[in-house]
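In what follows, a single structure is set out as structure tokens and then discussed.
Here is the structure:
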């Protein structure tokens, strides 16, 4: 059986199955498509002021998150990043003028490798029905 036959069989067998409350979606893609997608996701970068980044963590370790629910807590963020060495003291949950979380936060993990891995594996996941998107933060260059 060739690789394409195996991929087609996996799509037929597993796509649409339920895992808890989630429905599994399987799509057959080429290795090249997979690598392009992974590279694009990891290259997702947000530019912020160097001083702000330094107040959160070391260069390359800071992640910007969007889409957290309005009632997000530090515990929620820590649990979302439980597989990574989150620097809990680095978490900055953005609040609006009324003190309500906006769904955005900045945080740092242990290394640039971990930051890229977290963005690649966690961006697009849900927390309490909200889709979380994230990117590794880089310092904006002053012109």
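Residue numbers (my numbering): 5 to 147.
For glycine and all other residues, C-beta sits at the position ideal for the given N, C-alpha and C.
Asked                                                                                                                                                      : Found
Over the uninterrupted alpha helix (DSSP H) stretch that includes residue 82, give me the two end residues.                                                : 78–84
Using alpha carbons as the reference points, say which of 86, 8 and 138 lies closest to residue 110.                                                       : 138
Whole angstroms is fine: what's the gap from residue 60's alpha carbon to residue 116's?                                                                   : 14 Å
In the structure shown, what three-state DSSP assignment does residue 47 receive?                                                                          : Because the pLDDT at residue 47 is just 48, under 50, the model does not fix this residue reliably, and the value given afterwards should be weighed accordingly. Looking at residue 47 - three-state DSSP - the assignment turns out to be coil, as it is neither helix nor strand.
Ends of the beta strand (DSSP E) at residue 87?                                                                                                            : Where residue 87 is concerned, there is no enclosing beta strand (DSSP E), given that its DSSP letter is neither H nor E.
How is residue 93 classed by DSSP in three states: helix, strand or coil?                                                                                  : helix
Assuming residue 105 is part of the beta strand (DSSP E), what are its boundary residues?                                                                  : 105–112
Should the stretch 125–143 be regarded as contacting the stretch 56–70, the criterion being three or more beta carbon pairs within less than 8 Å?          : yes
Going by C-alpha to C-alpha distance, which of 55, 14 and 121 sits closest to residue 85?                                                                  : 121
Keeping to the same chain, check which residues put their C-beta closer than 7 Å to that of residue 89; ignore five residues upstream and five downstream. : 113, 114 and 118
Just to confirm, are residue 107 and residue 76 a CB contact at a threshold of 8 Å?                                                                        : yes
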